[in-house]
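Under UniProt numbering, the final residue of the sequence shown carries the number 641; numbering is consecutive throughout. In what follows, a single structure is set out as structure tokens and then discussed.
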Amino acid sequence: MRRWFSPQNSDECHGLAISTKPISISASVVPITSPSTNRSLSIRSSHRRNGSQNNGASKRAGFSFNSLRGNVQPELSRKLYKIIKSENNLINAHETAGRERTSIATQLSEWGEQTNDAAVSDVSDKVGVILSELGEQEEQYAHSLDDARGVLKHIRNTEKSVQPSRDGKDKIADEIAKLKLKEPQSARLVVLEQELVRAEAENLVAEAQLSNITRQKLKEAYEAEFAATIERAEKQIILAKHGRRLLHLLDDTPVVPGDERPTYHHAQQARQILNDAEDDLRDWRPEQDDFSAAQSDSVSNTRGTQNAVHDEDAKIVAGSVPAHQEVSEKDTDSIISPREKKKKDKIMDSTTTIDVSTYDNQLQCPLFGTLPGEIRNEIFALALVQFSEEEGGAAYPKDSYWYRPGFTGPRKSSSSLLRACKLAYVEGQKVFLRELEWAFWFDRGPEGRTRNHACEKFFSALTEQQARDLTKVRFFTQMYWLEEGRNLATLFAQPQFRPEVLTITVRYSDWWYWESDEPLRMKEDWLRGFRGPRGLRELRVEYETLVGKREEMMGIVGRNKGWKLVVGGGGAGRDDGRVREDGEEKGEEEEEEEEEGYLSAEGTELVEWTWTGASKLGGQTWAHHGEGDTVEYVVVMDTWS
1 MRRWFSPQNS DECHGLAIST KPISISASVV PITSPSTNRS LSIRSSHRRN
51 GSQNNGASKR AGFSFNSLRG NVQPELSRKL YKIIKSENNL INAHETAGRE
101 RTSIATQLSE WGEQTNDAAV SDVSDKVGVI LSELGEQEEQ YAHSLDDARG
151 VLKHIRNTEK SVQPSRDGKD KIADEIAKLK LKEPQSARLV VLEQELVRAE
201 AENLVAEAQL SNITRQKLKE AYEAEFAATI ERAEKQIILA KHGRRLLHLL
251 DDTPVVPGDE RPTYHHAQQA RQILNDAEDD LRDWRPEQDD FSAAQSDSVS
301 NTRGTQNAVH DEDAKIVAGS VPAHQEVSEK DTDSIISPRE KKKKDKIMDS
351 TTTIDVSTYD NQLQCPLFGT LPGEIRNEIF ALALVQFSEE EGGAAYPKDS
401 YWYRPGFTGP RKSSSSLLRA CKLAYVEGQK VFLRELEWAF WFDRGPEGRT
451 RNHACEKFFS ALTEQQARDL TKVRFFTQMY WLEEGRNLAT LFAQPQFRPE
501 VLTITVRYSD WWYWESDEPL RMKEDWLRGF RGPRGLRELR VEYETLVGKR
551 EEMMGIVGRN KGWKLVVGGG GAGRDDGRVR EDGEEKGEEE EEEEEEGYLS
601 AEGTELVEWT WTGASKLGGQ TWAHHGEGDT VEYVVVMDTW S
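This is the structure we're talking about:
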């Protein structure tokens with residue numbers, strides 16, 4: 001974000017013309033023909049096909065200087081000239097939209113200042129900053145469109161240069177044809193034919209150059225435009241989400257006449273939100289997409305890299321199909337985003353296919369011939385366990401929001417045992433997948449696994465077999481993301497999201513206004529509307545805060561423990577999705593019969609532990625953390641099963 005300042009200190013939309021004139025219809029029967037289904041596959045007009053039938057109904061275009069300049073252009077470059085001209089109008093519209101957005105931001109801030117309401121004044125001021133930056137992004141997008149438009153001009157200029165070559169060749173050919181009719185024995189025919197050969201050779205070179213330039217520059221221009229569109233959209237999403245965070249600071253609870261509203265204490269949080277937005281914009285990086293038209297050969301089911309990063313275990317996940325099937329490279333790549341694939345330090349290098357439908361039982365090997373299967377499963381579980389990588393600069397900063405026990409660095413698993421032999425792969429892959437826990441952060445997390453899009457994209461790309469094999473998922477959720485329950489419902493609706501165990505972790509920095517040490521609070525809406533995916537057998541909720549605020553947190557833990565949570569079935573869409581143990585709600589037995597079931601925390605024991613973390617958080621010091629370098633955290637986990 002280029003500037004964070006207070007605006008206090010600092011196109012017209014063309015609609016469709018709809019005719020209201022009455023239409024006279026003759027009494028004769030008119031056959032009704034359905035539109036061509038191919039019409040939806042192209043936006044090109046069909047005037048070439050039926051132009052001869054509609055000549056009488058065509059309208060003459062109005063005269064303008066633009067149309068005059070367009071007609072002056074060579075025929076070959078005339079259409080592209082109009083495209084470039086229209087692109088200029090589009091650029092002007094985006095520039096105007098950006099300026100208007102900035103103007104609105106300033107007006108909003110000035111209006112908030114004159115309300116004499118400290119909360120409205122501060123929030124409107126900060127929202128104005130967000131809107132101003134949205135306007136800035138719109139103007140930057142316009143500049144990117146202008147750059148892409150400049151690339152198209154290379155094609156237009158080349159078309160202009162090729163037109164004389166075409167005209168010259170055609171002119172010589174016409175002269176030869178006329179001369180053959182008038183004077184077939186003329187000596188000039190030989191000269192003209194030699195000139196035609198030279199003209200055709202020159203035109204051949206020019207046409208080849210035009211073809212090369214057209215393909216290259218067309219790809220370059222719209223690659224730049226689409227990249228700018230993605231950047232604008234993703235940055236607008238970042239700004240909009242932080243704008244919503246700002247709005248949450250404004251208490252809109254109604255007050256009765258005569259009462260005073262509570263004093264506004266969130267100025268620091270508002271500034272921090274702007275800082276977060278600035279950091280997110282600065283850290284934004286484009287994804288490096290790899291679009292290949294050619295299909296790759298099938299790859300081995302059994303390959304995996306030793307000490308593979310947690311995301312790299314998706315390669316093994318992709319191989320968790322029935323033994324008689326093969327896994328193609330496009331299948332394994334489909335569940336890993338291009339950004340995540342780019343991060344990999346090691347990639348699979350074999351392109352052969354290994355059939356695991358047949359294998360040697362290896363009874364001479366003590367592992368398979370002596371040890372029972374239960375013990376082998378324990379060995380596989382210990383050998384394939386996940387761990388946090390902290391070597392080679394991979395460790396997470398200790399003052400980052402996502403550093404905590406078990407997540408001190410990227411999660412890794414050693415999959416080398418699965419590559420030992422076919423039998424080891426066949427027996428070990430299920431244990432390997434069962435032991436993996438897939439973690440996603442919904443705000444304030446490591447790059448590549450943050451926000452809904454990363455999670456939705458990951459699960460939507462899973463095959464049926466992969467979705468069944470992945471049994472453990474963890475969510476790190478900020479309070480604004482969790483409380484209303486809509487985000488959970490969206491992810492639960494993913495057809496491939498079917499974990500058996502889901503862990504939701506609420507970190508100390510996820511509570512409302514932890515920055516100003518406000519009392520802990522959590523709405524129950526997400527519990528009330530909880531609709532767990534079919535197959536969910538266990539929900540674990542981890543609550544974390546400072547040791548000094550343990551009692552506040554335990555009140556919330558005890559209150560939440562009384563909820564029964566619906567899982568699967570036909571209850572989705574009903575107004576009330578929970579049965580509370582201490583309430584008497586109508587239709588409880590009917591709901592339980594209709595639903596697949598419910599999860600309950602009744603009788604489950606709370607698990608509590610503490611850990612010591614850095615006093616700094618997010619790279620900043622916080623007054624209520626004291627003067628020491630460390631603080632003590634307490635974590636309480638409750639389980640619904």
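Backbone N, C-alpha and C define an ideal beta-carbon position, used for all residues, glycine too.
Let me check one thing: in DSSP terms, what residues is Ile504 bridge-paired to?
Phe475, Val541
Count the other C-beta atoms from every protein chain shown that fall within 10 angstroms of the C-beta of Asp259, then say buried if there are 16 or more, exposed otherwise.
exposed
Exposure of Arg404, with buried meaning 16 or more beta-carbon neighbours within 10 Å
buried
DSSP bridge partner residues for Met522 (one or two, in chain order):
According to DSSP, which records beta bridges pairwise, Met522 is partnered with nothing at all.
Would you kindly work out how many angstroms separate the C-alpha atoms of Arg261 and Val120, rounded to a whole number?
12 Å
Three-state secondary structure (DSSP) of Glu627
coil
Helix, strand or coil for Gly597? Go by DSSP, reduced to three states.
strand
Would you mind giving the Cβ-Cβ distance between Leu536 and Leu502, rounded to the nearest angstrom? I have them listed as a contact below 8 Å.
6 Å
Under 6 Å Cβ to Cβ from Thr639, same chain only, skipping five residues before and after it: list those, please.
Arg540, Thr604
Does the count of Cβ pairs from the region 477-487 and the region 509-523 closer than 8 Å reach three?
yes
Residue burial classification, residue 646 (beta-carbon count within 10 angstroms, cutoff 16)
The chain is shown from 1 up to 641; residue 646 falls before or after that span and cannot be answered.
At what residues does the alpha helix (DSSP H) containing Leu249 begin and finish?
Counting along the chain, Leu249 falls outside any alpha helix (DSSP H), and DSSP gives it neither H nor E.
Cβ pair count under 8 Å reaching 3, the region 127-143 against the region 207-224:
no
Taking the C-alpha atoms as reference points, what is the distance between Leu491 and Gly529?
14 Å
Out of Ala439, Asn212, Cys455, point me to the one whose CA is closest to Thr505's CA.
Ala439
Can you name, in chain order, every residue of its own chain whose Cβ lies under 7 Å from the Cβ of Glu139, other than the five neighbours on each side?
Glu95, Gly98
Over the uninterrupted alpha helix (DSSP H) stretch that includes Glu87, give me the two end residues.
78-113
Just to check my reading of the structure: Pro74 and Lys160 have Cβ atoms closer than 8 Å, yes? What is that Cβ distance to the nearest angstrom?
5 Å
When the Cα of Ala270 is compared with those of Glu234, Ala177, Leu76, Val123, which residue comes out closest?
Val123
Please identify the residue among Val547, Ile84, Lys549, Thr408 whose C-alpha is closest to the C-alpha of Ala148.
Ile84
Terminal residues of the beta strand (DSSP E) in which Gly548 lies:
Premise fails: Gly548 is in no beta strand (DSSP E) and is neither H nor E.
Helix, strand or coil for Ala173? Go by DSSP, reduced to three states.
helix
At which residues does the beta strand (DSSP E) containing Leu536 begin and terminate?
No beta strand (DSSP E) holds Leu536; DSSP gives it neither H nor E.
Can you tell me which of His265, Ala240, Ile238 puts its alpha carbon nearest to the alpha carbon of Asp251?
His265
Below 7 Å CB to CB, which residues in the same chain sit around Glu589 once its five sequence neighbours on both sides are set aside?
Because Glu589 carries a pLDDT of 45, less than 50, the predicted location of this residue cannot be relied on, and no value is offered for it.
Quick one: measure Cβ to Cβ for Asn203 and Lys169, integer angstroms, because I've assumed they're closer than 8 Å.
5 Å
From the DSSP output, in three-state form, read off Gln288 for me.
coil
Would you identify the three-state DSSP class for Arg149, choosing helix, strand or coil?
helix
If you run the structure through DSSP and keep just helix, strand and coil, what is Leu606?
coil
What's the call for Trp563, buried or exposed, on a 16-neighbour Cβ count within 10 Å?
buried
How long is the line joining the alpha carbons of Ser600 and Asp276, rounded to whole angstroms?
37 Å
Under the three-state DSSP convention, the category Thr37 falls into:
With a pLDDT of 41 at Thr37, under the threshold of 50, the modelled position of that residue is not reliable, and no figure is offered here.
Express the C-alpha separation of Leu565 and Arg474 in angstroms, rounding to a whole number.
18 Å
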